[in-house]
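Report on one structure; see the data block that follows.
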Amino acid sequence: MEGARFARVTLNRPDLRFPFAENFASRIQGAHLTRLSRRAKFLRADLSSGETLYMHLGMSGRFIIEGGSTKENGGLANFAHEHAANPKHHHVVFEMEHPDTGRAVITYNDPRRFGFMELIGESEPYRLDHIGPEPLGNAFNGPVLRAALKGKKSKIKAALLDQRVVAGLGNIYVCEALYRTGISPRRAAGRLKVAETDGLAGHIKDVLSEAIEAGGSSLRDFSNTDGKLGYFQHSFDVYGREGEPCKSCDAPIKRIVQSGRSSFFCGGCQR
DNA sequence: CCTTCTACCTGTCAGC
DNA sequence: TGCTGACAGGTAGAAG
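Numbering follows the numbering used here, in which position 186 of the first sequence is assigned residue number 252; successive positions increment by one, without gaps.
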């Protein structure tokens, strides 16, 4: 999409998780996408109009890409989708025009509509302004995590889901990282030892890296842009494994509810 | 400010 | 077989 022009933007409904901004389509139409990047779980598209388009996939959002073929990408125009998207959930259509790769149609499909798109002006504040460091970057490590958790009375499970502590961690990967570090999700966040915050930071990086390498985690109807399913879900040690024996100590994996979310953990290994 | 709780939505699946 | 209800997730905003 970088370098391409939004030839046409079509909205098939007035809202996703939130209502679309006023004149959403016409404000994007005609602009060029100058840079596409990511922060936390948000996709960020800088537009030549000066505005920034933020896109979040929520739970079940996906982009379907048609066209945009080049010799370099082997003419990847249309994929054999492993998991076809139901057209009734095609909510936004971007018709793109690129000087090198030609026309492409990017369709946003989202059955549960937990995703959203927002248009933000150049110097307008945005909700990402105060979130924590990217977990895979150099700005995130044991000491940084320790400082962010200092004095926190909330449980470590809730703290790691708090995007101000570290960006982009969700329920699954928090469960897995805590298991690998041997820390109970019920521990007070501010009371972890230095070795524990160091270990936790490292395991967070490991879990995320491995999950990305595996193409992500697919639960039920989830898939990525080329319709392929990720397969990291087969590597979960604790998530979704209530009652199964811990692979390390054989104790049954437990499930409790914290902040309205399931926490899976081993009562034997995680203290 | 900090922390906790609930709403939002629909496909899937367990249980009747 | 067909139906009902619980459940899953990320984020915002209300409530405490």
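From the three backbone atoms N, C-alpha and C, an ideal C-beta is built for every residue, glycine too.
- Between Thr76 and the set Thr173, Phe84, Ile319 and Lys221, the nearest pair of CA atoms involves Thr173.
- In the displayed model, Asp112 falls within a strand according to three-state DSSP.
- The shortest C-alpha to C-alpha distance from Ala214 to any of Ser126, Ala267 and Cys312 is the one to Ala267.
- Buried is the label assigned to Ser329, since at least 16 other Cβ atoms lie within 10 Å of its Cβ.
- DSSP, read as helix, strand or coil, puts Glu200 in coil.
- Exclusion of the five residues before and after Asn78 leaves His156, His157, Val158 and Val159 as the residues of its chain whose Cβ lies within less than 8 Å of its Cβ.
- The residue from Gly198, Glu184 and Arg230 with its alpha-carbon nearest to that of Leu119 is Glu184.
- Under the Cβ criterion (8 Å, minimum of three pairs), the region 270-283 counts as touching the region 192-210.
- Each of Cys335, Ala91 and Met125 was checked against the Cα of Ser250, and the nearest Cα belongs to Cys335.
- Of all alpha-carbon atoms in Gly181, Glu117, Asp264 and Ile94, the one lying nearest the alpha-carbon of Met125 is that of Gly181.
- At a cut-off of 3 residues, the continuous stretches assigned as beta strand (DSSP E) that sit fully inside the region 174-239 are 182-186.
- Per the Cβ contact rule, the region 258-266 is not in contact with the region 227-240 (fewer than 3 Cβ pairs under 8 Å).
- For Cys315, the number of other beta carbons within 10 angstroms of its own is below 16, and it is reported as exposed.
- With at least 16 other beta carbons inside 10 angstroms of its own, Tyr245 counts as buried.
- Nearest neighbour of Lys219 by Cα position, chosen from Arg253, Ser284, Cys241 and Ile238, turns out to be Arg253.
- Residue environment for Gly127: buried (at least 16 other C-beta atoms within 10 angstroms of its C-beta).
- Rounded to whole angstroms, Ser103 and Ala150 show a C-alpha spacing of 26 Å.
- Contact annotation: Ile238 and Tyr305 have beta-carbon atoms nearer than 7 Å.
- Excluding its 5 nearest sequence neighbours in each direction, Ala111 has C-beta neighbours in its own chain below 6 Å: Leu99, Leu102 and Leu119, listed in chain order.
- The three-state secondary structure of Ser301, taken from DSSP, is helix.
- Between the alpha carbons of Arg71 and Gly96 lies a distance of about 6 Å.
- Counting only runs that start and end inside the region 248-283, the alpha helix (DSSP H) elements of at least 4 residues fall at 260-279.
- Note that the C-beta distance between Lys320 and Phe302 is not below 7 Å.
- Just so you know, the alpha carbons of Phe206 and Lys271 end up roughly 9 Å apart.
- Taking every protein chain shown into account, the CB of Ala317 has fewer than 16 other CB atoms within 10 angstroms, so this residue is exposed.
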